[in-house]
Amino acid sequence: MSVDTAASRLASHLRQLRKQTGRSLKDLEAELHVSDSSLSRYFSGQSAPPWPVVEQLGRLAGQDVAELRGLWQEAGQRRRATEPEPDPEPAPQPEKPRSRRWLLAGAFVLTAVVFGGLGLYAGVRIGQSKPPAEDAACASWPWPGGNGEDVVPFVSLNATEHKPTVELIIGKGDDGRSAAWAKISGAKFGDRVWLDWSSDGGRSWVQCGPFPVSAESGTSRAHDTGPNWLFRACGDVPQPIRRTGGEGCTDYH
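Just so it is clear: in the sequence shown, position 71 is 71 by UniProt numbering, and no numbers are missing.
This is the structure we're talking about:
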């Protein structure tokens with residue numbers, strides 16, 4: 001079976017599940033925590049949905065998720081099997097005369113220094129003036145409604161100037177429902193925090209974020225808690241001039 005056939009079968013099955021739920025795209029957007037534009041691409045077969053979205057849609061439609069899992073995995077395996085091989089390495093070129101080679105090397109080093117310095121400056125300026133936007137996958141999720149309590153040991157992110165900590169918090173969302181979110185403390189401008197949500201024991205997940213912070217602390221959006229859902233909090237210190245490997249996640253809870 002070709003990847004197109006496998007992907008088409010999955011998309012057709014997802015459309016049938018949506019019909020069985022009797023819900024509109026806007027209704028599913030709120031329940032699956034995925035934008036309606038992403039759902040449209042999943043139902044048309046233009047892109048592959050993550051497993052938590054497929055699983056939750058199946059549960060809403062009363063579908064056996066084990067059968068769904070096989071169909072979803074088949075489409076993914078076919079897609080990976082048809083990915084193009086990397087281009088072969090180019091054939092070695094004849095060696096240039098020594099004097100010309102040194103001249104070209106000197107010109108390359110000078111160009112790299114000039115443009116590398118400009119690139120670093122521009123990169124820092126851009127990173128400070130326009131941080132990356134939040135993930136569209138959770139744009140409709142609520143924000144934390146209070147302080148909450150940390151439920152697993154926090155993680156420390158190593159940086160040259162500071163050492164922020166990331167915590168997984170359980171409390172109330174601003175909609176009043178029990179929710180989980182990620183929190184970063186001891187942060188500096190540009191540090192980031194995000195929340196991973198899994199419905200299959202951490203084998204796959206939906207990432208909400210990253211959310212850049214401009215103060216001493218910040219949070220991700222929140223997600224409703226549930227008996228079969230696991231969460232973990234993650235964060236990093238992305239600026240190259242301050243970073244010494246500062247990235248980490250808590251355990252799942």
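We treat Cβ as the ideally placed atom computed from N, Cα and C, and that holds for glycine.
query, result
"Just to confirm the assignment, what range does the beta strand (DSSP E) spanning residue 193 have?", "192 to 198"
"Can you give me the Cβ contacts of residue 25 inside the same chain, cut-off strictly under 6 angstroms, excluding the 5 residues immediately before and after it?", "36, 39"
"If you follow the beta strand (DSSP E) that residue 58 is in, where does it begin and where does it stop?", "Per DSSP, residue 58 belongs to no beta strand (DSSP E); it is in the alpha helix (DSSP H), 51 to 60."
"Please identify the residue among 48, 68, 55 whose C-alpha is closest to the C-alpha of residue 76.", "48"
"Secondary structure at residue 17, three-state DSSP: helix, strand or coil?", "helix"
"From residue 223 to residue 231, what does the alpha carbon distance come to, in whole angstroms?", "9 angstroms"
"So, under 8 angstroms CB-CB, residue 142 and residue 175 are touching, yes? Tell me the CB distance rounded to an integer number of Å.", "5 angstroms"
"Is it buried or exposed, residue 55, if we count other Cβ atoms within 10 angstroms and call 16 or more buried?", "buried"
"If you follow the alpha helix (DSSP H) that residue 174 is in, where does it begin and where does it stop?", "Looking at the DSSP string, residue 174 is not in any alpha helix (DSSP H), and its letter there is neither H nor E."
"Helix, strand or coil, according to DSSP, for residue 37 in the structure here?", "helix"
"Check whether the region 147 to 157 and the region 244 to 253 touch, using three or more Cβ-Cβ pairs below 8 angstroms as the test.", "yes"
"Below 8 angstroms, can you find three or more Cβ-Cβ pairs linking the region 160 to 175 to the region 144 to 151?", "yes"
"Is residue 143 helix, strand or coil by DSSP?", "coil"
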